[in-house]
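Asker: Here the UniProt record's numbering is used: the first residue of the sequence shown is 1, the next is one more, and so on.
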Amino acid sequence: MVGMNVLWIFAHPEQRSLSAALRDEGLRALREAGHEYRLSDLYAMRWNPVVDGADFRHDADERLIVGSASRRAYDAGTLSEDIRAEQEKIAWADALVVQFPLWWYGMPAILKGWFDRVFVKGFAYGVVGPDGRTLRYGDGKLAGKRAMVVLTAGAPEATVGPRGVNGELGDLLFPLHHGTFWYSGMSVLPPYVVYGADRVPAEAYETHAAKLRKRLAALPTEEPIPFRRQNGGDYDERLVLRPDLLPGRTGLSVHYVQPRTPAGGGDAQGTQTAVGG
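#1: Look at the alpha carbon of Ala218 and the alpha carbon of Leu64, and state the distance between them as a whole number of angstroms.
#2: Measuring straight from C-alpha to C-alpha, what distance separates Ala274 and Pro49?
#3: How about Ser70 and Val128: do their beta carbons lie closer than 8 Å?
#4: Restricting to Cα atoms, I'd like to know which of Glu223, Pro247, Glu222 is closest to Asp234.
#5: Taking the alpha carbon of Lys112 as the point to measure from, which residue in Asp82, Pro175, Tyr125 has its own alpha carbon closest?
#6: Do the CB positions of Gly8 and Leu39 come within less than 8 Å of each other?
#7: Using the Cα positions of Arg60 and Ser68, report the straight-line distance between them to the nearest angstrom.
#8: Using 10 angstroms around the beta-carbon of Gln99, count the other beta-carbons present and answer buried if the total reaches 16, otherwise exposed.
#9: May I ask you to report which of helix, strand or coil DSSP gives Ser19?
#10: Ordered along the chain, which non-local residues of its own chain (more than five positions away) have a Cβ less than 6 Å from that of His35?
#11: List the DSSP bridge partners of Asn5.
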């Protein structure tokens, strides 16, 4: 198997955390498997998560329209240096591993700001194909890359299951999985999740580490989540799912080619499925 280039994005403030231990475990597993990796440790980097005109060398006397300004700066090569450095890492990578604790049912603000600043127009969205159609949801400049979330959650597994009070994990991660990774063209792998992360006993660590190593061993070959392609024929000219597909059904689940299955353990988890880690 040919080695992959893997960009690992890490968003946790504590280097003595379970998350940091799993990060080190994962990077070691990648290296031992013959892969190359680069690490973006956002807290250690003191990453600035706030979008402003300085990102684009924008004239402060002019109204800032972020999409247009970012596109001009991207095309001209004048984005701020920290943004360009992260984009170069993404361009180098065959796969992204994005690791974070689930805080208030989402990612930490520093990681959201990484996506806001790095995934600019022209790089991750706003790309038009030869036929004039916008390339997104399975197409785009990042097509061919893989993405996987490594997640720690304080909630017990049952509470983010099909009938759990916190909602299903696949729904909680849908904005990232479908609205960011898949939107920009990347194939999305099922997440690796440690539930009850604030209460993991020391003797259970090796079990979680072994499951993570197993998932990373399958990084080049694992089947991605079967999202529908925008330009694959399933959506009409209004980008609404055709009425003959899953008639009468609505919601997030209709955007999967195959029905989702409930999330299992931390091994090869489904995506059908709060805070901590």
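Ideal placement from N, C-alpha and C gives every residue a C-beta, glycine not left out. Since the structure is predicted, the reported quantities are computational estimates derived from the model, not experimental observations.
Answerer: This is what the structure holds:
#1: 43 Å
#2: Note that Ala274 has pLDDT 32, beneath the 50 cutoff, so the model's placement of it is unreliable and the number below is only indicative. The straight-line gap from Cα to Cα measures roughly 23 Å.
#3: no
#4: Pro247
#5: Pro175
#6: Residue identity check: residue 8 is Trp in the sequence provided, not Gly. A contact, by the Cβ cut-off of 8 Å.
#7: Inspection of the sequence shows that residue 60 is occupied by Ala rather than by Arg. Roughly 15 Å between the two C-alpha positions.
#8: buried
#9: helix
#10: Gly3, Met4, Val6
#11: Glu36
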